[in-house]
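Notes for the one structure printed next.
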Amino acid sequence: MEEKFILGIESSCDETAAAVICGRRLLSNVIFSSATEQAKYGGVVPEIASRAHTEAVDEAVKQALNEAGLTVKELDAVAVTYGAGLLGALLVGLSFAKSLAYSLNIPLIAVNHIRGHLAAAYLCDNNLKPPYITLLASGGHTAIIHIKTYTEFEVLASTSDDAAGEAFDKVARVLGLPYPGGPNVQRLAEGGEAVIDFPPSLVRGSNTQFSYSGLKTSVINYCHTAEQKGEQFSKADVAASFQKAAIDPLVKKTVENAVKLNVGTVTAGGGVSANGYLRERLKADCKKHNLKLVLPEKGFCTDNGAMIAMEGLIQYNAGNFAKMNINACAQIPLK
Ligand code: KG4
Ligand code: ZN
């Protein structure tokens, strides 16, 4: 890959992030989060997110350039998330990136956020190259994907309803845990045991379809029934049992697909792949089947600008540049 200096900007949800790469080398990675502010409301409030991005984007970019030891004039391209995400939030990053690219007369690259999550692994291991199997588990998507080339992939399995991260967030609410749900469920689960038999997240009899609605309903029913009967129950055990039911099938099917397709490498991406239990399970299963695992550090699983810059580099090399009239998209299909 060419040694281009690419600035990546991310503002799809509650993180305002900017990063600079040179080829596949990460030079800086700055993240400002409005999560503490959002926690007061129990979830992301789009208006608050947009305002926070407006206040933070200039500083995030400045810091990313400073830490990289670059001036704007040395940039070769500006990559920015244009979807999926909250429209108002996306528009802040996109408008900023457009102005910057226009003023510098350099290419603007519009990045699909999910492809950004997939690309994060390239920054963790410079030798990683397709083909490989990736487990994508974020707040909006859950899928097992066969990455065939840098720009082509095939979805092997996906969810028919909620995404894994969404299920973590909903279960967190049922258990009375604050936003953001996923890390708090994980923390609670660490003190519990997976002794409750919740339905696993794979549709019975299917190899390609996950579903989180049954699991989520089961957790809600379990808690409500116990509460109505005035029975004591261990929230930690509920969290651990939910976590196991949510994650075991994802790991199992990821590894099975890698073995079946004779693809020797596995990666993971998206916020849920920051989950400690998922990471341990994936490491153990990959080792058992002699698969190479490229697992991005936790900070590169959740939203960041580095992954947007990296996907920007892939699109740069493919000659995929955006027009100045490109708009933000709240939803983009995985393919
Ligand atoms: O990838 P991401 O940061 O944003 C999206 O593109 O959606 O993923 C956010 C999701 C949230 O649902 C959050 O609860 C979940 O990832 N998450 C976790 C953990 N950290 C973040 N879920 C389980 N365990 C974690 N440690
Ligand atoms: Zn994300």
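Start counting the sequence shown at 1367; every next residue gets the next number (this note's numbering).
C-beta atoms are modelled at their ideal positions from N, C-alpha and C, and glycine is treated no differently.
Inter-residue spacing [alpha-carbon to alpha-carbon] between residue i and residue j
| i | j | result |
| --- | --- | --- |
| G1664 | A1455 | Note that residue 1664 corresponds to Lys in the displayed sequence, not to Gly. Near 23 Å, if we compare the C-alpha coordinates of A1455 and K1664. |
| L1616 | G1409 | 25 Å |
| N1628 | S1607 | 32 Å |
| Q1598 | A1401 | 32 Å |
| L1541 | K1439 | 50 Å |
| A1684 | T1517 | 8 Å |
| K1370 | P1699 | 29 Å |
| L1392 | L1489 | 7 Å |
| V1521 | I1511 | 4 Å |
| A1321 | I1375 | The structure shown has nothing for residue 1321, since the chain only spans 1367 to 1701. |
| K1658 | G1630 | 6 Å |
| Q1575 | L1568 | 6 Å |
| G1580 | I1586 | 10 Å |
Assigned exposure category for residue i - 16 Cβ within 10 Å defines buried
| i | result |
| --- | --- |
| V1561 | exposed |
| D1424 | exposed |
| A1696 | exposed |
| M1690 | exposed |
| H1419 | buried |
| P1566 | buried |
| V1662 | Val is not the amino acid found at residue 1662; the sequence shown has Pro there. Per the 10 Å Cβ criterion, buried. |
| E1381 | buried |
| E1413 | exposed |
| R1390 | buried |
| D1528 | buried |
| N1623 | buried |
| Y1407 | exposed |
| H1479 | buried |
| H1507 | buried |
| E1563 | Inspection of the sequence shows that residue 1563 is occupied by Asp rather than by Glu. Exposed: under 16 other Cβ atoms inside 10 Å. |
| S1469 | exposed |
| K1514 | exposed |
| N1493 | exposed |
| K1626 | exposed |
| N1573 | exposed |
| T1525 | buried |
| G1505 | buried |
| T1620 | buried |
| G1531 | buried |
| K1536 | buried |
Cutoff 7 Å: residue i Cβ touching any chain B Cβ
| i | result |
| --- | --- |
| E1381 | Included in the structure is just one protein chain, with no chain B present. |
Cβ distance (whole Å) where residue i is taken to contact residue j below 8 Å
| i | j | result |
| --- | --- | --- |
| V1660 | T1633 | 5 Å |
| A1443 | V1386 | About 11 Å separates the two Cβ atoms, so there is no contact after all. |
| A1602 | L1554 | 5 Å |
| I1372 | A1445 | 6 Å |
| Q1552 | Q1609 | 7 Å |
| G1636 | L1502 | 5 Å |
| T1447 | S1377 | 7 Å |
| L1405 | A1533 | One point to set straight first is that residue 1405 is Ala, not Leu, in the sequence displayed. Not confirmed; about 19 Å, so no contact. |
| V1458 | Q1429 | The pair is not a contact, with the Cβ atoms about 17 Å apart (cut-off 8 Å). |
| A1422 | F1398 | 4 Å |
| A1694 | L1460 | 5 Å |
| G1558 | S1600 | 6 Å |
For residue i, the residue or residues it bridges with in DSSP
| i | result |
| --- | --- |
| A1313 | Since the first and last residues shown for the chain are 1367 and 1701, residue 1313 lies out of range. |
| A1476 | V1446 |
| S1399 | E1381 |
| C1388 | F1371, R1391 |
| T1633 | T1500, V1660 |
| F1519 | I1513 |
| L1766 | Because residue 1766 is not part of the residues shown, which for the chain are 1367 to 1701, the question remains open. |
| query | Do the stretch 1673 to 1689 and the stretch 1457 to 1475 touch if we need at least three Cβ pairs shorter than 8 Å? | reply | yes
| Taking one C-beta from the stretch 1544 to 1561 and one from the stretch 1630 to 1649 each time, how about it: are there three or more such pairs within less than 8 Å? | yes
| query | Is there contact between the stretch 1646 to 1657 and the stretch 1445 to 1454, where contact requires at least three CB pairs shorter than 8 Å? | reply | no
| field | the stretch 1459 to 1473 in contact with the stretch 1483 to 1495 per 3-pair CB rule at 8 Å | value | no
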